[in-house]
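Read the structure below first, then the notes.
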Amino acid sequence: MSCMLAARTIAARIGAGRMYGTVTAVTNDAKREKFVIDLGRNGGEAFLKYTEDSGRKLIRLEHTYVPDAGKGKGLGKQLAEAAFQYAIERNMMVRLECDFTVKYYKDNEAKYKAYVTE
């Protein structure tokens, strides 16, 4: 086997196991009621806007936004997952008011069914 062919074979095997989404730090900006992923100086931020009603132990997931610089990287899913984890850790119910979070929920219904309310 030539060196070039061996290198292509190794690269193909590595590429086959590659994870296409990147794990990015999601922070909860409680003051602005947003879960945020900072995309750097020129990229802006991806966010999931929410409203928390701690008295009713409820979080409303209202709007998800990912700028062009972050599209196709799984950032919306990371934001939705962070929001669900936040709610679960605080024994809160989740109200889905955002189309993206509704889709995320439908894709993960078995995992989150007990936490979603109308």
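For the sequence shown, position 9 (counting from the first letter as 1) is numbered 9 according to the UniProt record's numbering, and the numbering increases by one without interruption. Every residue gets a Cβ at the ideal spot worked out from N, C-alpha and C, and that includes glycine. The structure presented is a predicted model; accordingly, all values stated were derived computationally and were not measured.
C-beta contact flag for residue i and residue j at 8 Å
i, j, result
"Ala69", "Gly43", "yes"
"Tyr115", "Val94", "yes"
"Glu97", "Arg60", "yes"
"Phe35", "Ala83", "yes"
Cβ neighbours of residue i in the same chain (closer than 7 Å, five flanking residues each side left out)
i, result
"Leu39", "Glu45, Ala46, Pro67, Ala69, Gly70"
"Ile88", "Tyr115"
"Glu62", "Lys49, Tyr50, Thr51, Glu97, Cys98"
"Gly72", "none"
"Asn108", "none"
Close Cβ partners of residue i (< 6 Å) along its chain, the five nearest in sequence each way excluded
i, result
"Ala16", "Because the pLDDT at Ala16 is just 38, under 50, the model does not fix this residue reliably, and the point stays unresolved."
"Phe100", "Thr64, Gly76"
"Ile37", "Thr24, Val26, Ala46, Leu75"
"Lys113", "none"
"Asp29", "Val36"
Beta-carbon contacts of residue i that lie in its chain and below 8 Å, excluding the five residues immediately before and after
i, result
"Asp53", "Ile59, Arg60"
"Thr117", "Leu58, Met93, Val94, Arg95"
"Asn91", "Lys57"
Item to check | Contained alpha helix (DSSP H) runs [length at least 4] in the UniProt domain "N-acetyltransferase" (27 to 117), N- to C-terminal order | outcome: List check, alpha helix (DSSP H) in window: 75 to 89, 99 to 107, 109 to 112.
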